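J.: The structure follows.
Numbering (this note's numbering), first residue to last: 47 to 310.
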């Protein structure tokens, strides 16, 4: 139970901590006023608690797949916010002063959505342990360890980003944000398959022999890019399509910025 709790909480915390560290590093090098991350964290925690309180009602939505669909909705909204952030970053320095305010709001929304979703998953796990003698204490210990490791990794990653130059950090952060968003789209696809809203397919490959999803590296990759050891063609296709969509948005915004710069 202790190890399970560490892995589950670490997986959920890592994605939110990684996302937060990326956005914090971006605000540092953009020279912008930090988004209201404290408010975003409180909103996210409140959303997770509200989600947990209304869990029974949510489960009954859409013939018993309401939880999966609510989770999918949060992931898609987060992905759309990431697309908008990447697009605004590509507008260039000339338009940057006009994009800082929407960037702050988008970053705040992204963090709040991520914490709501990850927090709801953790609370759901603890709810499933009710009535099990000794399970809660072991789970709490594992949760503290998992949360500590997750936040420590996020903090370390933040300071590693600060050692790079502004241009490299912003470029790397944009790429990593796209990968995180694409991983969310892949996870959303898996949830829709579980809900029978999308067809189940035979996996394209099975990499569990050399990189199991339950391993520390597998959990890390799952949190960051939606790693799946046995992905179906549909999941891989959605993952690639979401990356392609982000690239198209970045290129379109970059071209628009170039046109505006060339205009008299």
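The beta carbon of each residue, even a glycine, is placed where N, CA and C say it ideally should be.
This structure is a prediction, so every number in the text was calculated from the model and none was measured.
DSSP three-state label for residue 205, please.
T.: Note: residue 205 maps to helix in three-state DSSP.
J.: Using the beta-carbon count (16 or more within 10 Å), is residue 49 buried or exposed?
T.: So residue 49 ends up on the exposed side.
J.: For residue 136, does the three-state DSSP call read helix, strand or coil?
T.: In this structure, residue 136 counts as coil in the three-state DSSP scheme.
J.: Would residue 256 be called buried (16 or more neighbouring beta carbons within 10 Å of its own) or exposed?
T.: Residue 256 should be labelled exposed.
J.: Could you tell me whether the region 192-208 touches the region 236-248, where touching means 3 or more Cβ pairs closer than 8 Å?
T.: The region 192-208 vs the region 236-248: no contact.
J.: Between the alpha carbons of residue 120 and residue 170, how many angstroms are there, rounded?
T.: For residue 120 and residue 170, the distance between alpha carbons rounds to 16 Å.
J.: Using 8 Å as the threshold, is the region 208-220 in touch with the region 260-271, meaning 3 or more CB pairs across them?
T.: Touching, no.
J.: Taking all protein chains shown into account, decide if residue 277 is buried (16 or more other Cβ within 10 angstroms of its Cβ) or exposed.
T.: Looking at its Cβ environment, which holds 16 or more other Cβ atoms inside 10 Å, residue 277 is buried.
J.: Does the Cβ-Cβ distance between residue 132 and residue 292 come in under 9 Å?
T.: Yes, they are a contact pair.
J.: Can you tell me the Cα-Cα spacing of residue 90 and residue 182, whole angstroms?
T.: Straight-line Cα distance between these residues: approximately 23 Å.
J.: To which residues of the same chain is residue 75 closer than 7 Å at the C-beta, ignoring the five residues directly before and after it?
T.: Within the same chain, residue 75 has close Cβ partners 212, 215, 216.
J.: Which same chain residues end up closer than 6 Å to residue 117 when comparing Cβ atoms and leaving out the 5 residues on each side of it in sequence?
T.: 237.
J.: Is DSSP giving residue 195 helix, strand or coil here?
T.: In the structure shown, residue 195 sits in a helix (DSSP, three-state: H, G or I).
J.: Cutting at 7 Å between CB atoms, please list the residues of its own chain near residue 223, excluding the five before and the five after it.
T.: Cβ neighbours of residue 223 beyond the five flanking positions: 68, 128, 131, 132.
J.: With a CB to CB cut of under 6 Å and the five nearest residues on each side skipped, what residues in its chain are close to residue 271?
T.: So the qualifying residues of the chain are 225, 229.
J.: How would you call residue 205, buried or exposed, if buried means at least 16 neighbouring beta carbons within 10 angstroms?
T.: Looking at its Cβ environment, which holds fewer than 16 other Cβ atoms inside 10 Å, residue 205 is exposed.
J.: If we ignore side chains and look at the alpha-carbon of each, how far apart do residue 207 and residue 262 end up?
T.: Each residue's Cα considered, the two are about 22 Å apart.
J.: Give a yes or no on whether the C-beta atoms belonging to residue 284 and residue 246 are separated by under 9 Å.
T.: Their beta carbons are not under 9 Å apart, which means residue 284 does not touch residue 246 by this criterion.
J.: With DSSP collapsed to three states, give me the class of residue 100.
T.: Residue state, collapsed to three classes: coil.
J.: Which residues in the same chain as residue 95 place their Cβ atom closer than 8 Å to its Cβ, once the five residues preceding and following it in sequence are excluded?
T.: For residue 95, where only same-chain residues beyond five positions count, the Cβ hits under 8 Å are 165, 169.
J.: On a Cα-Cα basis, can you pick out the residue from 199, 190, 99, 152 that is closest to residue 60?
T.: Nearest option by C-alpha distance: 199.
J.: If we ignore side chains and look at the alpha-carbon of each, how far apart do residue 249 and residue 295 end up?
T.: Distance between the alpha carbons of residue 249 and residue 295: 30 Å.
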